[in-house]
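Top to bottom, those sequences are chains A and B.
For the first sequence, our numbering begins at 752 and goes up steadily by one.
For the second sequence, our numbering begins at 752 and goes up steadily by one.
There are 2 protein chains.
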Amino acid sequence: MVCYHAALIYWEPGAFMSETFYARVARDLAEGIASGRFPVGSRLPRELDLCTQYEASRHTVRAAIQELQGLGLVSRKKRAGTRVENSSSTRGYRQSLASVEDLVQFGAAHRRVVQNIGDVVVDRGLARQLGCAAGRAFLRISSLRLNGDADAPPIGWTDVYIDPAYAQLRDVIGEYPEVLINDLIEARYGRRIAEIRQDVQALALSAKLARALNAKAGAPALRIIRRYLDQAGEAFEISVTIHPADRFTFSMCLRRERG
Amino acid sequence: MVCYHAALIYWEPGAFMSETFYARVARDLAEGIASGRFPVGSRLPRELDLCTQYEASRHTVRAAIQELQGLGLVSRKKRAGTRVENSSSTRGYRQSLASVEDLVQFGAAHRRVVQNIGDVVVDRGLARQLGCAAGRAFLRISSLRLNGDADAPPIGWTDVYIDPAYAQLRDVIGEYPEVLINDLIEARYGRRIAEIRQDVQALALSAKLARALNAKAGAPALRIIRRYLDQAGEAFEISVTIHPADRFTFSMCLRRERG
DNA sequence: ATTGACAATATGTCCGGACATAAATATCAA
DNA sequence: TTGATATTTATGTCCGGACATATTGTCAAT
């Protein structure tokens, strides 16, 4: 079975948000890693050199590296320096998505094909699934998640529910992964994400979904529900992704050595 | 359906490991929260007061609070101070289990009943499941996970595979949750955990497991495989837990607001 | 009573420096 | 060649201070 690691991408923030110095350093280093300037297994310049390079204090440089460490991009040892980690082993889900620049994405070869966009009103069953009040209206975008291989069966089905107030985004929504929608909402409407909560469950595939996913009805599948909450604790976007069990493993790194 | 949040407990380190100052402060504050000295919703003393109280610099106090923040125990706002968070909403799985003192546990009412202890040799199928080489020998401890309610069906089944070298722990193993076994190994054998990796999958219940869990064969279930790796990347403990889909949701907090 | 301006405050960011510590390397002795 | 020992080095921890910024609370004006 193919195992898909959820990957992290360091995102260039829009001009609308000011960036702190250490975040700037962190992003620059992350881009250096992504671009291959710092290959996997190589060592980052030592802290003091980074200090002179960025004209920053050691404290700032350390805060930046700490960010990368939290993302699992680098590991550190006392005398050995800061090592760039292997992506395939470190691109697991990191918890401390500290800043808005962090993006969670599927593999590089991944494609997303929008199947349907329409308005829905939450009924009793959906309300329990989404964890919101019944009767609420949403704009729902349904899409298939495909691997690079055209012949391979789809790896998942995603329903994204967003507040109808943001329906103006309808045109651009199809082109972006759902996580980006939050950035769009944040940029255009100023509604900030205060918290992202995620539930992972098992379920049996419905006949309809099984048909869409080219799988057997009743087959076990993974359901990942992600809720984007604002400061009031209200969800303004909810995404539900369903992966047939034989095509997806949700992998994460719970702890990595400090040093 | 009942939703079980994986909980975090701040663990008092053994005498064998030296504690840094900021970790000491963090632990003290965490114990204050756990004991109710700092009730949920209350505010922690402000940084400068903590500085005088612990006779530490503000930098150190901030490092301690940052630890608590990473664990989801507190949230901070610029003028509003540091707030103790509601356990039920913050005890979700945190990724940045920064130090050995962190423990991951199931709910308070949870019980664990050992069903079977015995030696196994890894065959082809199990090797693929565990992600280790076939032919390797393990000591396997199988146990049921029960909720407080005696009548309720079990919420899961756990197989813990540990290196036969640690078979001397056999007597005490039954009494501790599997995560503690690592601490025992670490304390007695000095083998350090360098990394914990976790995979979450869906699967259909086998007839045997279904019988043990009082569920239907073929019913969807969640499988959580956790690997404890040493510095060489070799797993010295692997735990496999299976939860029927209707009795377990794996909930986690991906991001919480910085401020 | 609502709104606006202003000051107070607690956290956020950043700087400089100092010493401790673990691990890689070099050195020397057996 | 092996083994123990000393040195070097890059990160870990901790201190002190300074200014920025967001939020709250207060008070005055409409």
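Where a beta carbon is used, it is the ideal one built from N, C-alpha and C, also for glycine.
Span of the beta strand (DSSP E) around residue i
i        : result
ASP910/B : 907 to 913
GLU988/B : 986 to 995
Pair within 8 Å by beta-carbon distance, residue i and residue j
i         : j        : result
ARG1093/B : GLU798/B : Since the displayed chain B opens at 752 and closes at 1010, residue 1093/B lies outside it and no answer follows.
ALA970/B  : SER957/B : no
GLN949/B  : ILE906/B : no
LEU881/B  : ILE947/B : no
ALA966/A  : LEU954/A : no
THR833/A  : ARG794/A : yes
VAL871/A  : CYS883/A : no
ARG891/A  : THR909/A : no
ALA815/B  : VAL865/B : no
THR992/B  : GLN952/A : no
GLN817/B  : SER826/B : no
VAL835/B  : ILE784/B : yes
ALA986/A  : ARG978/A : yes
ALA878/B  : ALA888/B : no
LEU964/A  : PRO995/A : yes
ARG962/A  : PRO904/A : no
PHE772/B  : THR811/B : yes
SER893/A  : ARG863/A : no
ALA774/B  : LEU824/B : no
Identity of the residues DSSP links to residue i by a beta bridge
i         : result
ARG978/A  : ARG948/A, ILE989/A
ARG827/B  : THR833/B
SER808/A  : Bridge partners of SER808/A: none, in fact.
ARG863/B  : ARG896/B
SER1002/A : ASP950/B
ALA972/B  : LEU954/B, PRO995/B
Residues that residue i contacts on chain B, provided the C-beta gap is smaller than 8 Å
i        : result
LEU954/A : ALA953, PRO971, ALA996
Partner residues on chain B for residue i, Cβ-Cβ distance less than 9 Å
i         : result
SER1002/A : ARG948, GLN949, ASP950, VAL951
Opening and closing residue of the alpha helix (DSSP H) in which residue i lies
i        : result
LYS959/B : 958 to 964
VAL791/B : Taken as a continuous stretch (DSSP letters only), VAL791/B belongs to no alpha helix (DSSP H), as it is neither H nor E.
GLU770/A : Taken as a continuous stretch (DSSP letters only), GLU770/A belongs to no alpha helix (DSSP H), as it is neither H nor E.
Any non-hydrogen atom of the ligand PLP closer than 7 Å to residue i Cβ
i        : result
ILE784/B : As presented, the structure is devoid of all ligands, the ligand PLP included, so that no description of it is given.
(request) Return the chain-ordered ranges of every alpha helix (DSSP H) run that is complete within the region 867 to 904 of chain B and spans a minimum of 4 residues. (result) 875 to 881
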